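K.L.:
If you count by my numbering, then the sequence shown holds residues 78 to 190, one letter each, in order. There's a structure below that I have some questions on.
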Amino acid sequence: MHEMAIAEGVLDIALDYAKKEKAARIAEIGLKIGEMSGVVTDSLLFSFDMLAKGTMAEGAKITVHSVPLVGRCTKCGKEFPIEHYDFWCPECENGVLETISGREMQVEYLEVE
Ligand SMILES: [Zn+2]
78 MHEMAIAEGV LDIALDYAKK EKAARIAEIG LKIGEMSGVV TDSLLFSFDM LAKGTMAEGA
138 KITVHSVPLV GRCTKCGKEF PIEHYDFWCP ECENGVLETI SGREMQVEYL EVE
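So this is what it looks like as structure tokens:
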């Protein structure tokens, strides 16, 4: 259930922001979730709904942007989308891809009213 901990973190960020902006409620929360972050979006939304009850974030719309897994070759420097967990560079013979995106889980934007 690490989605619960993530939802708590997101809620904390949103409530802090709303307080700073002297907002009445949180309208929307944009999240960036990497394909490889291991976060289950449905569980995250479910946890968030539960935690947000009775707070300024109750009823907030959550928009999730999924970030594809992209790697950069450690040898030739080219960037490729990583598919089927294939971490070998398709361009050169023995390059290995290091991930440059796809593992993130972050709050992208907040809209308050
Ligand atoms: Zn390469």
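Glycine included, every Cβ here is placed at the ideal spot set by N, Cα and C. Everything numeric in this text was worked out from a predicted model, so none of it was measured.
Inspect the beta-carbon positions of Gly-172 and Cys-150 and report whether they are closer than 8 Å.
P.N.:
In this structure, Cys-150 lies closer than 8 Å to Gly-172 by Cβ.
K.L.:
Could you pull the start and end residues of the alpha helix (DSSP H) that Ala-91 belongs to?
P.N.:
Counting along the chain, the alpha helix (DSSP H) containing Ala-91 begins and ends at 79-97.
K.L.:
Hey, quick one: how far does the beta strand (DSSP E) through Ser-178 stretch, first residue to last?
P.N.:
Unbroken beta strand (DSSP E) run through Ser-178: 174-178.
K.L.:
Indicate whether Val-147 and Glu-156 have their beta-carbon atoms separated by less than 8 Å.
P.N.:
Cβ distance < 8 Å, so Val-147 and Glu-156 count as in contact.
K.L.:
Looking at Thr-140: is its Cβ nearer than 8 Å to the Cβ of Gly-107?
P.N.:
Going by C-beta atoms, Thr-140 is nearer than 8 Å to Gly-107.
K.L.:
What number of angstroms, rounded off, separates the C-alpha of Ser-120 from the C-alpha of Asp-89?
P.N.:
Each residue's alpha carbon lies about 18 Å from the other.
K.L.:
Which value, in whole angstroms, describes the spacing of the CA atoms of Met-127 and Pro-145?
P.N.:
Distance between the alpha carbons of Met-127 and Pro-145: 28 Å.
K.L.:
Is Glu-175 near Cys-153, with beta carbons less than 8 Å apart?
P.N.:
Taking 8 Å as the Cβ cut-off, Glu-175 and Cys-153 do not qualify as a contacting pair.
K.L.:
Quick one: is Ala-82 buried, meaning 16 or more other Cβ sit within 10 Å of its Cβ, or exposed?
P.N.:
Per the 10 Å Cβ criterion, exposed.
K.L.:
Would you kindly check if the distance between the Cβ of Ser-143 and the Cβ of Glu-185 is under 8 Å?
P.N.:
Their beta carbons are not under 8 Å apart, which means Glu-185 does not touch Ser-143 by this criterion.
K.L.:
Leaving out five residues on either side along the sequence, give the residues of the same chain with a beta carbon under 7 Å from the beta carbon of Ser-124.
P.N.:
Once the five neighbours on either side are set aside, the close Cβ partners of Ser-124 are Glu-80, Met-81 and Ala-84.
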